[in-house]
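Report on one structure; see the data block that follows.
In structure tokens form, the structure reads like this:
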């Protein structure tokens with residue numbers, strides 16, 4: 001029988017949107033895959049730094065800020081404010 005040490009088992013995970021993870025000398029940005037010990041992956045998933053594959057991710061914002069300023073989309077503007 002082989003004994004497995006949880007500290008030596010590693011896995012791969014994805015960095016969550018709006019977060020970054022530093023491992024060694026490298027910084028992993030949102031959407032990048034990182035390999036870490038399983039215990040560390042579970043801790044970072046619990047705190048929201050890594051994507052949890054068992055949870056649904058809802059994107060509530062498309063990243064734009066302010067009103068539409070593209071002239072080609074002027075028909076989408078709400079019109080003048082009084």
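Numbering (the UniProt record's numbering), first residue to last: 1 to 82. Where a beta carbon is used, it is the ideal one built from N, C-alpha and C, also for glycine. Every value quoted in this text rests on a predicted model; they were computed, and no experiment measured them.
query	result
Residue 13 in three-state terms, based on DSSP	strand
Assigned exposure category for residue 21 - 16 Cβ within 10 Å defines buried	buried
Beta carbon of residue 18 nearer than 8 Å to that of residue 37	no
Proximal residues to residue 16 (C-beta, below 8 Å), its chain only, five neighbours per side dropped	30, 48, 49, 50 and 51
Residue environment, residue 9, which counts as buried when at least 16 other CB atoms sit within 10 Å	exposed
Whole-angstrom distance between residue 11 and residue 103, CA atom to CA atom	Here the chain has residues from 1 to 82 only, and residue 103 is not among them.
Residue from 35, 25 and 23 with nearest C-alpha to residue 14	35
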